[in-house]
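Student:
2 protein chains.
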Amino acid sequence: MTENSAKNRTKSAAQTKSLNRDTILNAAVALADERGIDALSMRKLAETLGIEAMSLYNHVKNKDDLLDGMVDMVVAEIELPATNIHWKLALRQRAISAQEMLLRHPWASMLIVSRINIGPAMLRYSDASMGCLRAAGFSYALADHAINAIDSHIYGFTLLKSNFPIEEQEYAQAAEQFLPMFPASIYPHARGWAEEVISGRHSGINEFTFGLDLILDGLERLANGDQS
Amino acid sequence: MTENSAKNRTKSAAQTKSLNRDTILNAAVALADERGIDALSMRKLAETLGIEAMSLYNHVKNKDDLLDGMVDMVVAEIELPATNIHWKLALRQRAISAQEMLLRHPWASMLIVSRINIGPAMLRYSDASMGCLRAAGFSYALADHAINAIDSHIYGFTLLKSNFPIEEQEYAQAAEQFLPMFPASIYPHARGWAEEVISGRHSGINEFTFGLDLILDGLERLANGDQS
DNA sequence: GAGAATAGGCTTACACCGTAAGCACGTCAA
DNA sequence: TTGACGTGCTTACGGTGTAAGCCTATTCTC
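These protein sequence lines map, in sequence, to chains Y and G.
Residue numbering for the first sequence is 1 to 228, as defined by my numbering.
Residue numbering for the second sequence is 1001 to 1228, as defined by my numbering.
(1) Using a Cβ-Cβ cut-off of less than 8 Å, give me the residues of the segment 94-125 of chain Y that come near chain G, in sequence order.
(2) Mind pulling the chain Y residues with CB within less than 9 Å of residue 1086/G?
(3) Quick one: which unbroken alpha helix (DSSP H) runs of 4-plus residues sit fully inside the segment 1126-1176 of chain G? Chain order, please.
(4) How would you label residue 110/Y, buried or exposed, when you count the other beta carbons within 10 angstroms and need 16 or more for buried?
(5) Go ahead and label residue 1150/G buried or exposed: buried means 16 or more other beta carbons lie within 10 angstroms of its beta carbon, across all protein chains shown.
(6) Spatial neighbours of residue 208/Y within its chain, please: C-beta separation below 6 Å, excluding the five flanking residues on both sides.
(7) Residue 134/Y CB to nearest chain G CB: under 7 Å?
(8) Compare the C-alpha of residue 106/Y against each of 217/Y, 30/Y, 142/Y and 89/Y and name the closest.
(9) Kindly indicate which three-state DSSP category residue 201/Y falls into: helix, strand or coil?
(10) Might you give, ordered along the chain, the residues of its own chain that have their beta carbon closer than 7 Å to the beta carbon of residue 1095/G, omitting 5 neighbours on each side?
(11) Taking Cβ positions only, does residue 190/Y come closer than 7 Å to chain G?
(12) Residue 165/Y touches chain G at which residues, Cβ-Cβ below 7 Å?
(13) Measure the alpha-carbon distance for residue 214/Y versus residue 1221/G and round it to whole angstroms.
(14) Quick check: what's the CA-CA separation for residue 80/Y versus residue 87/Y?
(15) Please classify residue 196/Y as buried or exposed, where buried requires at least 16 other C-beta atoms within 10 Å of its C-beta.
(16) With respect to the alpha helix (DSSP H) encompassing residue 1115/G, which residues constitute its N-terminal and C-terminal limits?
(17) Quick one: is residue 18/Y near chain G, going by C-beta distance under 7 Å?
(18) Name the two residues that bound the continuous alpha helix (DSSP H) containing residue 48/Y.
(19) Which residues bound the alpha helix (DSSP H) around residue 179/Y?
(20) Give the residues of chain Y in contact with residue 1154/G, contact being defined as C-beta atoms less than 9 Å apart.
(21) Could you list which residues in chain G have their beta carbon closer than 7 Å to that of residue 187/Y, in chain order?
(22) Taking the Cβ atom as the reference point for each residue, do residue 127/Y and residue 1190/G lie within a distance shorter than 7 Å?
(23) Between 1131/G, 1104/G, 1152/G and 1161/G, which lies nearest to residue 1073/G when the distance is taken from Cα to Cα?
(24) For residue 113/Y, which residues of its own chain have a beta-carbon under 6 Å away from its beta-carbon, when the five flanking residues on both sides are left out?
(25) Counting only C-beta atoms, is residue 1042/G closer than 7 Å to chain Y at any point?
(26) Measuring alpha carbon to alpha carbon, tell me which of 1071/G, 1042/G and 1199/G ends up nearest residue 1173/G.
(27) I'd like to know if residue 141/Y contacts chain G, where contact means its C-beta is closer than 7 Å to some C-beta of that chain.
(28) Please list the partners that residue 1215/G has in chain Y, where partner means a Cβ-to-Cβ separation under 9 Å.
(29) Can you give me the C-alpha to C-alpha distance between residue 42/Y and residue 32/Y, rounded to a whole angstrom?
(30) Mind reading off the beta-carbon distance from residue 1165/G to residue 118/Y? Whole number of angstroms is fine, and I expect it under 8 Å.
(31) If you reduce the DSSP assignment to three classes, tell me which class residue 187/Y lands in.
(32) Run through chain G and tell me which residues come within less than 8 Å of residue 145/Y, C-beta to C-beta.
(33) How is the alpha helix (DSSP H) around residue 1024/G delimited, first residue to last?
(34) With distance defined between alpha-carbon atoms, name the residue in 48/Y, 152/Y and 124/Y nearest to residue 75/Y.
(35) With a threshold of 7 Å between beta carbons, is residue 1059/G in contact with chain Y?
(36) If you reduce the DSSP assignment to three classes, tell me which class residue 53/Y lands in.
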């Protein structure tokens, strides 16, 4: 009895909070941000919302639908390319904004590349990028290739970076630890690299814009019809 | 009794086949290639080998160890950069070889970017790439950035391609199907792109070498000290 | 206002997962 | 001969996604 009324109160409280798809998606994103995508189970997510796992299924079709919703939610955080500036700068800013989002949500890159993403935010993002290059005179084919090259760099770079197990400020001391794994007789160049990092002559940090600018500069030359 | 002796026979047969780490890794790679990485469970893998799941643990520490072994096994398939040719061509061939391997084993990209890979094959691969650029006069820092940019493209491109749900020869008809999802009033450029593919003026296929050559050409300019 | 339909919680149950614990047995060294 | 070891096995546990169906508060229809 007492238990029952307690349950009812809980239920009422939950209802006043009006559980809905957006609340669930926000909680899922927060949980994945804080504890990693592996910790995101339907049961744990429900727990953070004070409900039971199966109740989630009234608002999302299944876990895949949940993940799709999460992806579109964070994709909406990406700045669209500006329309009033040169295409190269617009795409550069768009790429950096995307990369910043992916570092804020380290689980997102993997989800984006491993599923079909046709949520409204992703469509708008793709459409705006294509529009930016079309306005600059690119053919559909060249624009397609350009966007694919840039996106490959965005996802590849952030995946490598997000999953790298060592913090950037600890590279030097980590390299020192790993040095015994690189005998000069077998891996001379890996060893040389490690020694360079230990000495401080090379930070070991990779900049997103290094590869990005190689690609953008190359595209600009193509657009201008340079013979290289 | 009969059952028991049958069991013993099975066991003897299994023993004559001499289960070992390499046999297991080969079976795991084959299973992942044929049925996808999600179908690779310890139980299913054991079944294909005619043994019980727990027997695998005599040869691999745990599932992570199994995955690490699989990764290093397929990384060994990558051609190392040749030493007797220009660095640009050597790295180009290495990148193409890596991409071909990753398309043969579509599960591999995801594993490589999402775990620490310090198996012997991966170390040899990294060492050879660094050696190739060092021999060409690159500083450690520039070589590091160059390799990171190329690897980002390799993994990003293959991940996007492997997980794209439509076969290349079906792009045109698929675009026709998806056209209603792109109302011209909301997604004009995505719609234009789809119409271009439907018309056959653009295949919609993205070439790995497009982005790769942008990066390599850019690196060559950097190496030559061009002012752009 | 009465009764039906619906929405959105809930419990229970199932098949699958990775793997800890420990048993059974064949092989081999001392 | 005996004991240790290697390598198979069974059992069991806590986790997963989710199908099926129950319960009740709200909303719609007459």
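Glycine included, C-beta positions come from ideal geometry on N, C-alpha and C.
Tutor: Taking the coordinates as given:
(1) Answer in chain order: 110, 113, 114, 115, 116, 118, 123 and 124.
(2) What residue 1086/G touches in chain Y: nothing, since even the nearest Cβ is about 16 Å away.
(3) 1140-1163
(4) buried
(5) buried
(6) 99 and 157
(7) yes
(8) 30/Y
(9) coil
(10) 1150, 1154 and 1212
(11) Chain G contact via Cβ: present.
(12) 1116
(13) 10 Å
(14) Just so you know, the alpha carbons of residue 80/Y and residue 87/Y end up roughly 12 Å apart.
(15) buried
(16) Counting along the chain, residue 1115/G falls outside any alpha helix (DSSP H), and DSSP gives it neither H nor E.
(17) Residue 18/Y does not count as touching chain G.
(18) 42-48
(19) First-last for residue 179/Y: undefined, no H or E at that position.
(20) Those within 9 Å of residue 1154/G in chain Y are 152 and 156.
(21) 1123 and 1127
(22) yes
(23) 1104/G
(24) 155
(25) Under the Cβ criterion of 7 Å, residue 1042/G is not counted among the residues facing chain Y.
(26) 1199/G
(27) yes
(28) 149, 153, 211, 214, 215 and 218
(29) 12 Å
(30) Residue 1165/G to residue 118/Y, Cβ: 10 Å. No contact.
(31) coil
(32) 1206, 1207, 1210 and 1211
(33) 1021-1035
(34) 124/Y
(35) no
(36) helix
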